[in-house]
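479 is the number that our numbering gives the last residue of the sequence shown; the numbers go up by one with no jumps.
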Amino acid sequence: MQSSETGKNQKHSPDPTSDFTKSDLVANPSSSSDDLRDQELDSSPDKGFIPVLKNSNFLALWSGQVFSQLADKVYLVLMIALITSRFKDADQTISGWVSAVMIAFTIPAVLFGSLAGVYVDRWSKKDVLVLTNLLRGALVLLVPGLLSLTQGSTSVSNLPLGFYVLLVITFLVSTLTQFFAPAEQAVIPLIVKPQHLLSANSLYTTTMMASLIIGFAVGEPLLALADRLGAQLHFGVYLGKEVLVGGSYAIAGLVLLLLRTGENRAKSNAEQPHVWADIADGLRYVQHNRSVRNAMIQQVILFSVFAALAVLAVRLAENLPGITASQFGFLLAAGGIGMAISAAILGNWFDDTSHVNLSLSGSVGMGVALVGLSLFTNNLWLALLMTMVLGGFGALVGIPMQTTIQAETPEEMRGKVFGLQNNAINIALSLPLALAGIAETWLGLQPVFLGLAALVFLGGFLNWYISGNRLNNFNKRHK
1 MQSSETGKNQ KHSPDPTSDF TKSDLVANPS SSSDDLRDQE LDSSPDKGFI
51 PVLKNSNFLA LWSGQVFSQL ADKVYLVLMI ALITSRFKDA DQTISGWVSA
101 VMIAFTIPAV LFGSLAGVYV DRWSKKDVLV LTNLLRGALV LLVPGLLSLT
151 QGSTSVSNLP LGFYVLLVIT FLVSTLTQFF APAEQAVIPL IVKPQHLLSA
201 NSLYTTTMMA SLIIGFAVGE PLLALADRLG AQLHFGVYLG KEVLVGGSYA
251 IAGLVLLLLR TGENRAKSNA EQPHVWADIA DGLRYVQHNR SVRNAMIQQV
301 ILFSVFAALA VLAVRLAENL PGITASQFGF LLAAGGIGMA ISAAILGNWF
351 DDTSHVNLSL SGSVGMGVAL VGLSLFTNNL WLALLMTMVL GGFGALVGIP
401 MQTTIQAETP EEMRGKVFGL QNNAINIALS LPLALAGIAE TWLGLQPVFL
451 GLAALVFLGG FLNWYISGNR LNNFNKRHK
């Protein structure tokens, strides 16, 4: 199933899809992750979310994700609230302030994504997950004290010193996130059997979309409620919101202490090649493994489309009757709802379906939805419906492709591969954010939506054509 390069990598690690007996485990300690999965799932049904939810290690990881994702999504809302209350003048627009925060958050993703993946392969993934959450929590909890220390300080380049503190904290939080993301993805195939990976990823995506909707839709009232509760509990005036976000990160770290990954620590402690050699090794693996490479390209296209949608939604909301440009979040929430529903259905009933065929169906559906959006730029309900359909079919692309990358990548390569994927996706998110608005200004909404539809159609059909029947028996191979 893999190329010659893949085979070389496989020889140096246990096959993550193998079934081991107890005698195998004694002879080969590196099979402990398979033993963990067997202990949790041997008596479980073969279908849907039930076997995944009976896996105590996955429950620990998933529970940690709930708190971590919520903190991630509310963090930006917290920064906006702090800027509004402490730095921005009443007659100023907030756009410039927020743009600076977004740049501080994006730079580590581009600079450190691949590098972080290399170290994730060298370190204990559980330790990375726990420490990155605890450190992010500590950084957020430091914000009130640091802002108090800088209050009344001389401005630097006409900006308050406290604002620079927020930028530094944001940069550090984002840097830690670059280590957390590949570690999280690399742990899933260690604790979940291959035939249940689709369900596990579906559950993860559902939770991520729910966090996105909750974070952006009710983040502001949630922070206001936290401030009121904080005042009642004598945390101090207006400190509740920092406690909410920082505390969520800290709870995630504590929950993840319950996780058992069964990693081969002896291999991690062995002498390691140079960091750049490891990055090159990851690039070679992606280049030579068609399944992983094609899946990653599909992921990049998917995230590019949704990044462009985040920009175009503002202009679309401005055109639609019944809502204003500032209410563009309703369109994004509709996409999130569609993705969450699709993820739930996918994880429960489509375990045995070819990942390539699911991705092709998703690409076709996304293309049709984008064509629909180009036609219904003046109809609110049809635009909401098309956005929901777009999110739903987007899940059919994203979840199977992520599952393919997890299952096709050997254990010792996962951090590198997921680091590269994280880097590629962050670049894919950045470019459309910069270009989509310019393209819409020059060409208008309809041509841009049609161009995105063409990109999705082309990517889906090329992936299907190149892959052929390569992945058609993917799930059968792991039964």
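From the three backbone atoms N, C-alpha and C, an ideal C-beta is built for every residue, glycine too.
The model shown is predicted, which means the values in this text are computed figures rather than measured ones.
Sort His196, Asn201, Leu172 and Ile169 by Cα distance to Glu184 and report the nearest one.
Start at 1 with the first residue of the sequence shown, and residue 184 comes out as number 184. Per the Cα distances, Asn201.
Considering only residues of the same chain and omitting the five flanking positions on each side of Phe393, which have a CB-CB separation below 6 Å?
On the sequence shown, position 393 is the one that residue 393 refers to. For Phe393, where only same-chain residues beyond five positions count, the Cβ hits under 6 Å are Gly362, Gly365 and Met366.
If you reduce the DSSP assignment to three classes, tell me which class Leu452 lands in.
Within the sequence shown, the letter at position 452 stands for residue 452. The answer is helix: DSSP assigns Leu452 an H, G or I state.
Given 8 Å as the limit, is there contact between the stretch 68-79 and the stretch 248-260, that is, 3 or more CB pairs closer than that?
Yes, they touch.
Which residue comes first and which comes last in the alpha helix (DSSP H) that contains Leu190?
Here residue 190 is taken as the residue at index 190 of the sequence shown, counted from 1. Residues Leu161 to Ile191.
Output the boundary residues of the alpha helix (DSSP H) element that contains His288.
Here the question's residue 288 lines up with position 288 in the sequence shown. First-last of the alpha helix (DSSP H) with His288: Val275 to His288.
Decide if Leu135 is buried, meaning its Cβ has at least 16 other Cβ atoms within 10 Å, or exposed.
Start at 1 with the first residue of the sequence shown, and residue 135 comes out as number 135. Leu135 is buried by the Cβ-count criterion.
Apart from the five residues just before and just after Phe330, which ones in its own chain have a Cβ nearer than 8 Å to its Cβ?
The sequence position of residue 330 within the sequence shown is 330, counting from 1. If we look at Phe330 and ignore the five residues flanking it on each side, its Cβ neighbours are Ala317, Ile323 and Leu384.
Classify Gln151 as buried or exposed, calling it buried when 16 or more other Cβ atoms lie within 10 Å of its own Cβ.
Looking up residue 151 in the sequence shown gives position 151. Exposed, by the Cβ-count rule.
Could you tell me whether the Cβ atoms of Asn422 and Asn294 are closer together than 7 Å?
The residue given as residue 422 occupies position 422 in the sequence shown. The residue given as residue 294 occupies position 294 in the sequence shown. Cβ distance not < 7 Å, so Asn422 and Asn294 don't count as in contact.
Can you tell me whether Ser174 is buried or exposed? The criterion is at least 16 other CB atoms within 10 Å of its CB, across all chains shown.
Position 174 of the sequence shown, counted from the first residue, corresponds to residue 174. Per the 10 Å Cβ criterion, buried.
Within 10 angstroms of the Cβ of Asp352, are there 16 or more other Cβ atoms? Answer buried if so, exposed if not.
Sequence index remark: in the sequence shown, residue 352 carries index 352 (1-based). Counting Cβ neighbours within 10 Å, Asp352 comes out exposed, since fewer than 16 surround it.
Give the secondary structure of Asp24 by DSSP, where H, G and I count as helix, E and B as strand, and everything else as coil.
As a first step, residue 24 must be located in the sequence shown, where it is residue number 24. Confidence is the limiting factor: at Asp24 the pLDDT is only 36, short of 50, which leaves the residue's position unreliable and the question unanswerable from this model.
Rounded C-beta distance between Val187 and Leu61? I'm assuming under 8 Å.
Position 187 of the sequence shown, counted from the first residue, corresponds to residue 187. Position 61 of the sequence shown, counted from the first residue, corresponds to residue 61. At roughly 6 Å, the Cβ-Cβ gap stays under 8 Å, so Val187 and Leu61 are in contact.
Within the continuous alpha helix (DSSP H) that includes Gly48, where are the two ends?
Counted from its first residue, the sequence shown places residue 48 at position 48. First-last for Gly48: undefined, no H or E at that position.
At 4 residues or longer, what runs of the alpha helix (DSSP H) sit wholly inside the stretch 222-257?
Counting only runs of 4 or more, we get 240-255.
Taking C-alpha atoms, which residue in Lys126, Thr441, Phe418 and Ser85 lies nearest to Tyr285?
Position 285 of the sequence shown, counted from the first residue, corresponds to residue 285. Checked all of Lys126, Thr441, Phe418 and Ser85; the closest Cα to Tyr285 is Phe418.
Just to confirm, are Ser359 and Met388 a CB contact at a threshold of 7 Å?
As a position in the sequence shown, residue 359 is number 359, starting the count at 1. As a position in the sequence shown, residue 388 is number 388, starting the count at 1. Result no, Cβ atoms of Ser359 and Met388 do not sit closer than 7 Å.
Assuming Val128 and Val120 form a contact by the criterion Cβ under 8 Å, report the distance between their Cβ atoms to the nearest whole angstrom.
The residue labelled residue 128 in the question sits at position 128 within the sequence shown. The residue labelled residue 120 in the question sits at position 120 within the sequence shown. Confirmed, Cβ separation roughly 6 Å.
Confirm, please, whether the CB-CB distance from Lys125 to Gly282 is below 7 Å.
The sequence position of residue 282 within the sequence shown is 282, counting from 1. The sequence position of residue 125 within the sequence shown is 125, counting from 1. In this structure, Lys125 does not lie closer than 7 Å to Gly282 by Cβ.
The alpha helix (DSSP H) spanning Lys126 covers which residue range?
Here residue 126 refers to the residue found at position 126 when the sequence shown is read from its first residue. Start and end: Lys125 to Thr150.
By the DSSP assignment, the alpha helix (DSSP H) with Ser354 in it spans what residues?
Position 354 of the sequence shown, counting from 1, holds the residue named residue 354. It is not in any alpha helix (DSSP H) - Ser354 carries neither H nor E in the DSSP assignment.
Leaving out the 5 sequence neighbours to the left and right, which residues in its chain are closer than 7 Å to Ala210 when beta-carbon positions are compared?
Counting from one through the sequence shown, the residue named residue 210 turns up at place 210. Cβ within range, chain order: Ala340.
For Val311, which residues in the same chain have their Cβ closer than 8 Å to its Cβ, ignoring the five residues on either side in sequence?
Your numbering for residue 311 matches position 311 in the sequence shown. Same-chain partners within the cutoff: Pro432, Leu433, Ala436, Gly437 and Glu440.
Measuring CB to CB, does Thr377 end up less than 7 Å from Leu197?
Taking the first residue of the sequence shown as 1, we reach residue 377 at position 377. Taking the first residue of the sequence shown as 1, we reach residue 197 at position 197. No; because the gap between Cβ atoms is not below 7 Å, this pair is not in contact.
Could you check how far apart the C-beta atoms of Ala343 and Phe328 are, in whole angstroms? I think they sit under 8 Å.
Taking the first residue of the sequence shown as 1, we reach residue 343 at position 343. Taking the first residue of the sequence shown as 1, we reach residue 328 at position 328. The Cβ separation is near 23 Å, so there is no contact.
What separation, rounded to the nearest whole angstrom, lies between the Cα atoms of Leu332 and Val74?
Within the sequence shown, numbered from 1, the residue matching residue 332 stands at position 332. Within the sequence shown, numbered from 1, the residue matching residue 74 stands at position 74. Spanning the two alpha carbons is a distance of roughly 16 Å.
Rounding to the nearest angstrom, what Cα-Cα distance links Thr261 and Val255 in this structure?
For the purposes of this step, residue 261 is taken as residue 261 along the sequence shown, with counting starting at 1. For the purposes of this step, residue 255 is taken as residue 255 along the sequence shown, with counting starting at 1. Between Thr261 and Val255, the C-alpha separation is close to 14 Å.
I'd like to know whether the C-beta atoms of Leu382 and Phe303 end up nearer to each other than 7 Å.
By 1-based counting over the sequence shown, the position of residue 382 is 382. By 1-based counting over the sequence shown, the position of residue 303 is 303. Going by C-beta atoms, Leu382 is not nearer than 7 Å to Phe303.
According to DSSP, which residues form a beta bridge with Val368?
The residue labelled residue 368 in the question sits at position 368 within the sequence shown. BP columns for Val368 are empty, so no partner.
In whole angstroms, what separates the C-alpha of Met79 from that of Val143?
Numbered from 1 along the sequence shown, position 79 holds the residue referred to as residue 79. Numbered from 1 along the sequence shown, position 143 holds the residue referred to as residue 143. Each residue's Cα considered, the two are about 10 Å apart.
For Ile279 and Phe179, what's the separation of their Cα atoms in angstroms?
Within the sequence shown, the letter at position 279 stands for residue 279. Within the sequence shown, the letter at position 179 stands for residue 179. Roughly 15 Å between the two C-alpha positions.
Apply the 10 Å Cβ neighbour rule to Ser374 and answer buried if 16 or more other Cβ atoms are within range, or exposed otherwise.
Taking the first residue of the sequence shown as 1, we reach residue 374 at position 374. Buried is the call here.
Can you give me the C-alpha to C-alpha distance between Met102 and Phe163, rounded to a whole angstrom?
The sequence position of residue 102 within the sequence shown is 102, counting from 1. The sequence position of residue 163 within the sequence shown is 163, counting from 1. Each residue's Cα considered, the two are about 13 Å apart.
Using C-beta distances below 7 Å, list every residue in its chain close to Asp315, excluding the 5 sequence neighbours before and after it, in chain order.
Taking the sequence shown and counting its residues from 1, the one referred to as residue 315 is at position 315. Residue identity check: residue 315 is Arg in the sequence provided, not Asp. So the qualifying residues of the chain are Glu440 and Leu445.
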